[in-house]
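*Asks:* This is the structure I want to talk about, given as structure tokens.
In the UniProt record's numbering, the protein residues as written are 1 to 413.
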């Protein structure tokens, strides 16, 4: 009786080969000119790969050679009608995944599904590359990929300044985040329209970094002035995830501190939602007749670098203040930390409150000050990337959010 793992492997090969084969069968055609590779061929190739893996390396190699030979003959049969090699490459991959399924059934099954998705997405991929993806978009896509996959891993993951706060890899990660968020906004702008696309990108980007999202929206507002209202709304909307994340952090580190700050956090979130809604309503009249996108590029590397430089300056200022004040300045130290990251300040103060190292009222005040200090960086980033037309209403909105936070905090004490 076969072992369960071996049985799962054969079932994965059978199901995966059938899935890919069905996709190929749909475009196979009929008559003497039809493709030679269909559902039954893929199923048999997958099972042959599984059997070959069990029989040993020699049998697997011989089976692979037979599949390559059959794929070559199939290509010669169909090259006048379809010069592509997609079906032939898919058949070889089906065989290899069948062999993989005998040892790693889950991985093979996932790769079978991914293969079928890639094969079925041919119309969409062709339409996207030929109609939607221009030379500028392709250049920026390659730049983003190189920044994330080549430059980022090569940078040192350690501090290089006397204060121990400037980490090149983390700073470059901010650059990548700004470019990625702005590129996501560009794609959403073209596919969903100015309002819905930017709002979605702004809200989701807020969970990554509200400050980076505001920087990206500022750049988008500069590149596409007709969508400035939607960009402002999206930037304001990105403040809501910040409030949510602070609440989650405090719930995990110090629930009593969350209870103390809950009214202030709720009021700040509501203020951000109301302001964003007001700008959405305004954008309906000002952005309605504008095209989906007039921006020439998904992002501007110079703006992303400028944003990282601003954050680096804020980090240095935070560290210098902490070194100057020392342990006596817990509150001002929290505010200085908030210049760089309000979440980090929330974690540290939540832990201090949980261990009774810092009294609960002081911890609550420290997080409030960190939130307000982080708002200052957001305002500077908005001015640096979006200009006064974008920054003026955004700064006003951020001040309203901060006022709601401070008022609720003062009344709840």
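For each residue, glycine too, the CB sits at the ideal point set by N, CA and C.
When the Cα atoms are used, what is the spatial distance from residue 391 to residue 236?
*Replies:* 11 Å
*Asks:* What would DSSP say about residue 158, mapped onto helix, strand or coil?
*Replies:* coil
*Asks:* Can you tell me whether residue 122 is buried or exposed? The criterion is at least 16 other CB atoms within 10 Å of its CB, across all chains shown.
*Replies:* exposed
*Asks:* Can you tell which of 37, 96, 43 has the C-alpha that lies nearest to the C-alpha of residue 72?
*Replies:* 37
*Asks:* Measure the alpha-carbon distance for residue 207 versus residue 26 and round it to whole angstroms.
*Replies:* 41 Å
*Asks:* Taking the beta carbon of residue 413 as the centre, do at least 16 other beta carbons fall within 10 Å, making it buried, or is it exposed?
*Replies:* exposed
*Asks:* Counting pairs of beta carbons, one from the region 375-392 and one from the region 214-233, are three or more of them closer than 8 Å?
*Replies:* yes
*Asks:* State the Cα-Cα distance for the pair residue 268 and residue 125, rounded to the nearest angstrom.
*Replies:* 43 Å
*Asks:* Does the region 244-262 come within contact of the region 331-350, defined as at least 3 CB pairs closer than 8 Å?
*Replies:* Here the region 244-262 makes contact with the region 331-350; the two share three or more CB pairs at distances below 8 Å.
*Asks:* Leaving out five residues before and five after residue 11 in sequence, what residues of the same chain have Cβ atoms less than 8 Å from its Cβ?
*Replies:* 105
*Asks:* Taking three-plus beta-carbon pairs below 8 Å as touching, is the region 135-145 in contact with the region 175-184?
*Replies:* yes
*Asks:* Just to confirm my understanding: we take residue 8, look at its own chain, exclude 5 residues before and 5 after, and list those with CB closer than 7 Å. What are they?
*Replies:* If we look at residue 8 and ignore the five residues flanking it on each side, its Cβ neighbours are 105.
*Asks:* So, with DSSP's three-state summary, where would you put residue 241?
*Replies:* helix
*Asks:* Return the residue from the list 108, 320, 399 that minimises the CA-CA distance to residue 162.
*Replies:* 320
*Asks:* Residue 13 to residue 279, Cα distance in whole Å?
*Replies:* 53 Å
*Asks:* Is residue 98 closer than 8 Å to residue 47 when the C-beta atoms are compared?
*Replies:* Contact: yes.
*Asks:* Within its chain, find whatever has a CB closer than 8 Å to the CB of residue 148; leave out the 5 residues flanking it on each side and keep chain order.
*Replies:* 176, 180
*Asks:* Tell me which residues share the same chain as residue 238 and place their Cβ nearer than 8 Å to its Cβ, disregarding the 5 neighbours each side in the sequence.
*Replies:* 202, 203, 205, 206, 210, 213, 214, 217
*Asks:* Return the CA-CA distance between residue 343 and residue 313, expressed in angstroms with no decimal places.
*Replies:* When rounded, the distance between both Cα atoms is 18 Å.
*Asks:* Between which two residues does the alpha helix (DSSP H) holding residue 377 run?
*Replies:* Where residue 377 is concerned, the enclosing alpha helix (DSSP H) starts and stops at 360-412.
*Asks:* Figure out for me which residue from 144, 89, 304 has the closest Cα to the Cα of residue 118.
*Replies:* 89
*Asks:* Does the beta carbon of residue 337 come closer than 8 Å to any beta carbon on chain D?
*Replies:* Protein chain content of the structure displayed is limited to a single chain, and chain D is not contained in it.
*Asks:* DSSP on residue 37, reduced to helix/strand/coil?
*Replies:* coil
*Asks:* Thinking residue 39 and residue 22 are a contact (beta carbons under 8 Å), I'd like their distance in whole angstroms, please.
*Replies:* 5 Å
*Asks:* For the region 204-242, list the beta strand (DSSP E) runs that are entirely contained and at least 3 residues long, ordered along the chain.
*Replies:* The DSSP assignment places no complete run of the beta strand (DSSP E) inside the region 204-242 (cut-off: 3 residues).
*Asks:* Who are the near neighbours of residue 241 in its chain, counting only those whose CB is closer than 6 Å to its CB and skipping five residues on each side?
*Replies:* Answer for residue 241: 206, 207, listed in chain order.
*Asks:* Can you tell me whether residue 156 is buried or exposed, with buried defined as 16 or more other CB within 10 angstroms of its CB?
*Replies:* The residue in question, residue 156, is exposed, as its Cβ has fewer than 16 Cβ neighbours within 10 Å.
*Asks:* Below 7 Å CB to CB, which residues in the same chain sit around residue 60 once its five sequence neighbours on both sides are set aside?
*Replies:* 52, 53, 99
*Asks:* Could you check where the alpha helix (DSSP H) with residue 87 kicks off and where it finishes?
*Replies:* 86-101
*Asks:* How about residue 115 and residue 93: do their beta carbons lie closer than 8 Å?
*Replies:* yes
*Asks:* Between the alpha carbons of residue 226 and residue 410, how many angstroms are there, rounded?
*Replies:* 40 Å
*Asks:* Roughly how far, in whole angstroms, is the beta-carbon of residue 271 from the beta-carbon of residue 395, given that I think they are within contact range, below 8 Å?
*Replies:* Actually they are not in contact, since the Cβ atoms of residue 271 and residue 395 sit about 14 Å apart, beyond 8 Å.
*Asks:* With DSSP as the reference, label residue 312 as helix, strand or coil.
*Replies:* Assignment of residue 312 by DSSP, reduced to helix, strand and coil, places it in the helix class.
*Asks:* Looking at the structure shown, is residue 346 part of a helix, part of a strand, or coil, going by DSSP?
*Replies:* helix
*Asks:* Determine the direct distance from the alpha carbon of residue 382 to that of residue 304, and round the result to whole angstroms.
*Replies:* Each residue's Cα considered, the two are about 12 Å apart.
*Asks:* Out of curiosity, what's the CA-to-CA distance linking residue 414 and residue 366?
*Replies:* Nothing in the structure corresponds to residue 414, since the chain is present only between 1 and 413.
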